[in-house]
Structure formats: C-alpha cells, structure tokens
Amino acid sequence: MTRNGLVAATFPYAWTAERAKLFHYSAPIHIDRLSWFTYRGSEAIQAGRWQGLRVCIPLGWSTSHADGVIKRFGLDLQRPKTLAQCLQLLDRKRIDLLPMNETVTRDASRQLFGDPCHLQALPHFRQSDTFYLIISRQYPEAASLLERFNHALAAARADGRYDQLVSRAGKGIDCR
Numbered sequence: 026m027t028r029n030g031l032v033a034a035t036f037p038y039a040w041t042a043e044r045a046k047l048f049h050y051s052a053p054i055h056i057d058r059l060s061w062f063t064y065r066g067s068e069a070i071q072a073g074r075w076q077g078l079r080v081c082i083p084l085g086w087s088t089s090h091a092d093g094v095i096k097r098f099g100l101d102l103q104r105p106k107t108l109a110q111c112l113q114l115l116d117r118k119r120i121d122l123l124p125m126n127e128t129v130t131r132d133a134s135r136q137l138f139g140d141p142c143h144l145q146a147l148p149h150f151r152q153s154d155t156f157y158l159i160i161s162r163q164y165p166e167a168a169s170l171l172e173r174f175n176h177a178l179a180a181a182r183a184d185g186r187y188d189q190l191v192s193r194a195g196k197g198i199d200c201r
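In my numbering, the protein residues as written are 26 to 201.
This is the structure:
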C-alpha cells in the first residue's frame, strides 16, 4: 500500500539501495543495536560455532545486515511470513539464530512469550541499526510531506520531547 502511494508513510524501515529507488527516506528516526539472538542454553552457539546453522529473517525484511555472516558460516536462511513465526521457530529450536534489532525483538518476545528477555542476545556481530520513515515516490506531494516530517522531528529533538519518548520506551529492559 505504501509502495503504491495509497498510504502516506510507514516506519520503521532500514535503508536499502533497492528501497531508495521506490521511497523517500526521512532523517534518521532512531538508532538501535542489532544483535543476533538464540534460544537460551546453547553453548556452541554462544561460543560462535555457527557453521551450517539455520537463521530466520521474515519474508520482505531486508537481509543486508546479515548477508556477510550468512555467507561466512554457510547459514541456511529461513523466510517465514512474520517475525512472530521466527520467534516461535527459535523457541522450538527449529532455527538457531535471529538477527534483529534489540527493541523489536524484546517487544515481540514480550508479546509472544510474556518475557522481553525470553531469547538470548549474543555478543557476536553486533552493529547499529538506523531506522527511517519512508514515503512512496508515487505519493502526491511526497517531498512536501517529507520536509514537514523532518522539520517536526528536528523540533522534537531540539525541545527534548524525542528524548523523553525514547527513554520511556526503553525503560526497564535489561536482559543481561
């Protein structure tokens, strides 16, 4: 719907070259940490012995953040329709790894399992993950909407409202 210009905008999306041909990107909305997650109790996975393991990224989600690791270890990429399906497969040990940003994974884990720390974040291959609002290049007056959004985002950052929202959203989650 967003791609065809039927919806004004959507978020959060990571930048990809393929998407940039179809969408305008806002200024960065949020920078989060991307981690690789696994089920609790796997010493081999925790130690980084990943050769030939199964990794899950939902269909339609970018794999660019994981492509190098997938190739390096010869991982078997599974692409179910939803993130919830990836989490369920991981919980049932039908896949071994899930590369995802921590905020999204913890929120989905809380919804699905009642515990934001149900899965274990691994110390390997962590990176930052930047998210944007995207607007279809086909949407009428897309450039004007993007300019208004970026102006409002800058104002929220300048007066402290952005920091208040981010700190409230992330409070109380420490899975160490």
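All residues carry an ideal CB built from backbone N, CA and C; glycine is no exception.
In terms of Cβ geometry, Pro37 and Phe156 form a close pair [threshold 7 Å].
In the three-state scheme derived from DSSP, where H, G and I count as helix and E and B as strand, Ser161 is classed as strand. CA-CA distance, Val191 to Phe138, rounds to 23 Å. Straight across, the Cα-Cα distance linking Gly85 with Thr35 is about 14 Å. Taking the Cβ atoms as the reference, Gly73 lies roughly 22 Å from His143, outside the contact range of under 8 Å. Cβ neighbours of Asp188 within its own chain (closer than 8 Å, five residues either side excluded): Arg182. The continuous beta strand (DSSP E) containing Cys81 extends over residues 79–81.
By the CB criterion at 7 Å, Leu123 and Cys111 fall inside the cutoff. Inter-residue distance for Arg97 and His55 is about 29 Å (C-alpha atoms, whole angstroms). Residue range 101–103 is occupied by the beta strand (DSSP E) that includes Gln103. Cβ-Cβ distances below 8 Å link Lys118 to Tyr64 in the same chain, with the five nearest sequence neighbours on each side left out; the list follows chain order. For Ser87, the secondary structure class from DSSP, reduced to helix, strand or coil, is coil. Taking the Cα of Ala146 as reference, the smallest distance to any Cα among Ala167, Arg58, Ala177 is reached at Arg58. With contacts defined as CB atoms closer than 7 Å, Ser89 and Thr128 fail to qualify as a contacting pair.
Contact between Ser87 and Ala52 fails: their C-beta atoms lie close to 19 Å from each other, not under 8 Å. One alpha carbon belongs to Glu166, the other to Asp184, and they sit about 28 Å apart. Beta-bridge pairing by DSSP links Gln152 to Leu59.
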